[in-house]
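Numbering-wise (numbering that gives the first Met the number 0), the sequence shown opens with residue 0 and increments by one.
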Amino acid sequence: MLAEQDGIIRIAQGLRLPECIITDARDRVSCYEALAMLLKRLAFPCRLSSLRKSFGRSEGVCCRVTLCVASLIMDRWNDLLFFSDSTFTSTFLN
Numbered sequence: 000m001l002a003e004q005d006g007i008i009r010i011a012q013g014l015r016l017p018e019c020i021i022t023d024a025r026d027r028v029s030c031y032e033a034l035a036m037l038l039k040r041l042a043f044p045c046r047l048s049s050l051r052k053s054f055g056r057s058e059g060v061c062c063r064v065t066l067c068v069a070s071l072i073m074d075r076w077n078d079l080l081f082f083s084d085s086t087f088t089s090t091f092l093n
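Here it is, written out as structure tokens:
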């Protein structure tokens with residue numbers, strides 16, 4: 000568990016996330032909790048109710064926080080992130 004916490008701290012620092020994530024609805028969450036929510040959501044398919052149980056926040060807050068962190072990462076690192084339209088065609092994905 001401690002190694003996971005250290006990993007989340009290192010990732011948050013590497014991504015240069017702000018200490019506190021504030022959504023448009025004024026939800027306030029530490030960057031570490033917000034990143035943990037996003038990583039859990041992306042690691043495997045899970046419903047917002049699973050995040051609610053894990054983090055003790057409402058489904059709405061979990062949704063807004065994960066979207067906010069994903070947007071922050073995309074906005075800051077978009078030039079380094081890449082999606083190949085020629086590789087991932089609808090035929091390939093089906």
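Ideal placement from N, C-alpha and C gives every residue a C-beta, glycine not left out.
Buried versus exposed call for R9 [16 or more other C-beta atoms within 10 Å across all chains shown] = R9 sits exposed, since fewer than 16 C-beta atoms from the chains shown fall within 10 Å of its C-beta.
Nearest-angstrom Cα separation, counted from R63 out to A148 = Only positions 0 to 93 of the chain appear in the structure, and residue 148 is not among them; the question remains open.
Could you give the DSSP three-state label for C19: helix, strand or coil?
-> In the structure shown, C19 falls within a strand segment according to DSSP collapsed to helix, strand and coil.
In chain order, what residues of the same chain lie with their CB nearer than 7 Å to the CB of R51, ignoring the 5 residues before and after it?
-> Once the five neighbours on either side are set aside, the close Cβ partners of R51 are S57, E58, C61.
Backbone CA spacing between L79 and S53 [nearest angstrom] = L79 and S53 have their alpha carbons spaced roughly 31 Å apart.
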